[in-house]
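Peer 1: One structure is given below, represented as C-alpha cells, and several questions about it will come after.
Number of protein chains: 2
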Amino acid sequence: MTPDEEQFVAEMGQFLGASGMTPMGGRMWGWLLICDPPEQTADDLATALRASRGAISGTARMLETAGMIKRLTRPGDRREYFSVPPGTFDALITNSGRTFRRFVKVTEQGLRILADRPPEASERLREVHDAYAFFEREVPALVERFKDAQIRGGRSTTGEPAPSDRIPA
Amino acid sequence: MTPDEEQFVAEMGQFLGASGMTPMGGRMWGWLLICDPPEQTADDLATALRASRGAISGTARMLETAGMIKRLTRPGDRREYFSVPPGTFDALITNSGRTFRRFVKVTEQGLRILADRPPEASERLREVHDAYAFFEREVPALVERFKDAQIRGGRSTTGEPAPSDRIPA
DNA sequence: CGTGTGTTTCAGTATTGACTGAAACTTCTG
DNA sequence: CAGAAGTTTCAGTCAATACTGAAACACACG
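Next up, the structure:
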C-alpha cells in the first residue's frame, strides 16, 4: 500500500466511521475500492489493513449485510474472496432509505404524543416529519434517474453482466 | 417530562447518536421539538434532560453551528433561550449536502491515485463517486420541490396527496 | 477418517469520546 | 464600581465499543 493509498484508506475510515459505520468498515471498503486485484482474501485484507483476522471477519460480515461488499469462492480454492460489486451505490442508497424510514417512524410517534395539544404545539415536529417523509418517497425516483443517466452516458454501467464477478484463475 | 416524552427523547438520542451527532445532541433536539414552551433556557434544558450545564453549553453550540437550533435573548432577561426555528429541515439537508461534498472530495482523491492505471481499475470507485456527485447536484432541487409543495398544499403536504403522512389522532 | 488450511467466535484490552462539575470568565444591574 | 446571575471552558471520569488474539469450529482433500 503506497502512502497515497494509505491516506485514502484512512480518510475513508474516518468518513464512514463518523457516519454510523465502524472505522475499520470504512478502511476495508475504501481499500476494496482501489486495490489490485479487486478480489482480496481475508488474509490479503488483514495484511493490507494491518488488522487481526477477527476484525476482518466481523467487519466483512457487517459490510456484506449492508450490501457493500460481496463474498465469492471459486472451486478448488478454499479461501473466500471479497470485492465491491458493481451497483453498490444502490445498496448504499437503499440503506439510507431505511434510515429515513426509521426517522419517520420516530417522528410519527412524537406527533402522536402531541395529538391532544393545540395544533401549533406540533408545528415544529410536523415540519421535520413531513420533510423526511417526502424524501423517503422521492429518493428512489432520484436513484432511477441516476441509473438511466448512467446507462445513457455509457460509463461504468451497473446491473449489467458484471464481469468482475469472475475470478481470473 | 412524561414517560412518553422521555421515550421519544431517548429514541431521538439513539437515532441521531448513531448518525454522526452525539446522543446528547439528539436528545436536546428531540426535546426542543416537543417541549412547551418552545423556547427553553439552558437551565430548563439541564433540568429536563438531567444533564450538566457543561453538556448543555457544548451541545447547544454544536446544534447551533449545525443550524438545528436558534439562540435568542430577550431584553431585560439575561438568560438565553434555545428553540428549533421553522425551516430547520433546510439546515439539516444543507448539512447532509456538506457530507456529500466531502465524500465526493475523498473519492476524487482516490480517483487521482488510480489515474495512471488501466481504466478498469477505477471502475468501482468511479461508480460510487458518480453516484454521490449526482446526489450532491440533485438534492437541492428536491428540497425546492418540497418547499413548493409545502406552500401550495398548506400544512403537512408532500408533493402529492400522501395520506400516510397524516398521523391518525 | 485424519490432517491441514481457513474462518468464525468470544472474552479481554485498549481507545475513543461523551458527560460531569468546579473554576474562570462575561455581562447585566443596582 | 461592586455584586450577582448566567455561561463557557477544561481537566478528569466514565462508559461504550472497536479491535486483538487465541481457541473452537468447519471444510475440503488425501
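These protein sequences, in sequence, are chains A and B. With this note's numbering applied, the first sequence covers 900 to 1068. With this note's numbering applied, the second sequence covers 900 to 1068. All C-beta atoms in this analysis are idealised placements derived from N, C-alpha and C, irrespective of residue type, glycine included. Given the structure is predicted, the values throughout are model-derived calculations rather than measurements.
#1: Is it buried or exposed for E910 of chain A, if we count other Cβ within 10 angstroms and need 16 for buried?
#2: Might you give, ordered along the chain, the residues of its own chain that have their beta carbon closer than 8 Å to the beta carbon of R978 of chain B, omitting 5 neighbours on each side?
#3: Tell me the DSSP secondary structure of S982 of chain A in three-state form.
#4: Quick check: is any heavy atom of the ligand MN less than 6 Å from the C-beta of M923 of chain A?
#5: One question on the structure: do R988 of chain B and A990 of chain A come within less than 7 Å of each other, judged by their Cβ atoms?
#6: Using a Cβ-Cβ distance cut-off of 7 Å, determine whether A887 of chain A contacts chain B.
#7: If we call anything under 7 Å between Cβ atoms a contact, is F1045 of chain B one with F1033 of chain A?
#8: With which residues is T998 of chain A paired in a DSSP beta bridge?
#9: With respect to the alpha helix (DSSP H) encompassing T946 of chain A, which residues constitute its N-terminal and C-terminal limits?
#10: Pick out whichever of A:P974, A:C934, A:G975 and A:Y980 has its Cα sitting closest to the Cα of S956 of chain A.
#11: Would you list, in chain order, the members of the stretch 955-968 of chain B that have their beta-carbon closer than 9 Å to a beta-carbon of chain A?
#12: Beta carbon of A945 of chain A, beta carbon of M900 of chain A: below 7 Å?
#13: CB G924 of chain B to CB L915 of chain B, shorter than 7 Å?
#14: Which whole runs of the alpha helix (DSSP H) in the stretch 985-1052 of chain A are 4 residues long or more, in chain order?
#15: Quick check: what's the CA-CA separation for T967 of chain B versus R960 of chain B?
#16: Whose C-alpha, out of A:E938, A:T993 and A:A1048, is nearest the C-alpha of A965 of chain A?
#17: If you draw a straight line from the alpha carbon of S1021 of chain A to that of M920 of chain A, how long is it in whole angstroms?
#18: In terms of residues, what are the limits of the alpha helix (DSSP H) holding T964 of chain B?
#19: Would you kindly report the start and end of the unbroken beta strand (DSSP E) that includes T921 of chain B?
#20: Looking only at DSSP bridge pairs, what is D976 of chain B linked to?
#21: Between L1024 of chain A and L1010 of chain A, which are expected to be in contact by the criterion C-beta below 8 Å, what is the C-beta distance as a whole number of angstroms?
#22: Counting contacts by CB-CB distance shorter than 7 Å, is I1050 of chain A in contact with chain B?
#23: Give the DSSP-derived three-state secondary structure of E905 of chain B in the structure shown.
#24: So F907 of chain A contacts chain B; which residues on that side make the cut at Cβ distance below 8 Å?
Peer 2: Here's the rundown:
#1: Your numbering for residue 910 of chain A matches position 11 in the first sequence. By the neighbour-count rule (16 or more Cβ atoms within 10 Å), E910 of chain A is buried.
#2: To locate residue 978 of chain B, count along the second sequence from 1; it is residue 79. Excluding sequence neighbours, R978 of chain B sits near T940, A941, D942 and T972.
#3: The residue given as residue 982 of chain A occupies position 83 in the first sequence. Here S982 of chain A sits in strand by DSSP.
#4: Because no ligand of any kind appears in the structure shown, any question about the ligand MN cannot be addressed here.
#5: As a first step, residue 988 of chain B is located in the second sequence; it is residue number 89 there, counting from the start. As a first step, residue 990 of chain A is located in the first sequence; it is residue number 91 there, counting from the start. Rather than Arg, the amino acid found at residue 988 of chain B in this sequence is Phe. Going by C-beta atoms, F988 of chain B is not nearer than 7 Å to A990 of chain A.
#6: Missing from the structure shown is residue 887 of chain A; chain A here goes from 900 to 1068 and no further.
#7: Position 146 of the second sequence, counted from the first residue, corresponds to residue 1045 of chain B. Position 134 of the first sequence, counted from the first residue, corresponds to residue 1033 of chain A. Yes.
#8: For the purposes of this step, residue 998 of chain A is taken as the residue at position 99 of the first sequence. In the DSSP output, where bridge partners are listed per residue, T998 of chain A has none listed.
#9: Position 47 of the first sequence holds residue 946 of chain A. A941 to L948 is the extent of the alpha helix (DSSP H) around T946 of chain A.
#10: The residue given as residue 956 of chain A occupies position 57 in the first sequence. The shortest C-alpha separation from S956 of chain A is found at A:Y980.
#11: none
#12: In the first sequence, the residue the question calls residue 945 of chain A occupies position 46. In the first sequence, the residue the question calls residue 900 of chain A occupies position 1. With contacts defined by Cβ atoms closer than 7 Å, A945 of chain A and M900 of chain A do not form a contacting pair.
#13: In the second sequence, residue 924 of chain B corresponds to position 25, counting from 1. In the second sequence, residue 915 of chain B corresponds to position 16, counting from 1. Taking 7 Å as the cut-off, the Cβ atoms of G924 of chain B and L915 of chain B count as close.
#14: 987-1012 and 1022-1052
#15: The residue labelled residue 967 of chain B in the question sits at position 68 within the second sequence. The residue labelled residue 960 of chain B in the question sits at position 61 within the second sequence. The sequence shown places Met at residue 967 of chain B, not Thr. Rounded to whole angstroms, M967 of chain B to R960 of chain B spans 10 Å at the Cα level.
#16: On the first sequence, residue 965 of chain A is found 66 positions in, with the first residue counted as 1. Of the candidates A:E938, A:T993 and A:A1048, the one whose C-alpha sits nearest the C-alpha of A965 of chain A is A:T993.
#17: The sequence position of residue 1021 of chain A within the first sequence is 122, counting from 1. The sequence position of residue 920 of chain A within the first sequence is 21, counting from 1. A straight-line Cα-Cα distance of about 33 Å links S1021 of chain A and M920 of chain A.
#18: Position 65 of the second sequence, counting from 1, holds the residue named residue 964 of chain B. T964 of chain B -> alpha helix (DSSP H) spans R952 to T964.
#19: Position 22 of the second sequence, counted from the start, is the residue given in the question as residue 921 of chain B. From DSSP, T921 of chain B is part of no beta strand (DSSP E); its letter is neither H nor E.
#20: Here residue 976 of chain B refers to the residue found at position 77 when the second sequence is read from its first residue. Paired residue(s): B:R973.
#21: Within the first sequence, numbered from 1, the residue matching residue 1024 of chain A stands at position 125. Within the first sequence, numbered from 1, the residue matching residue 1010 of chain A stands at position 111. With 8 Å as the limit, L1024 of chain A and L1010 of chain A qualify as a contact, their Cβ atoms being about 6 Å apart.
#22: By 1-based counting over the first sequence, the position of residue 1050 of chain A is 151. Closer than 7 Å: no.
#23: Position 6 of the second sequence, counted from the start, is the residue given in the question as residue 905 of chain B. In this structure, E905 of chain B counts as helix in the three-state DSSP scheme.
#24: The residue you call residue 907 of chain A lines up with position 8 of the first sequence. Correct list: V1005, Q1008, G1009 and I1012.
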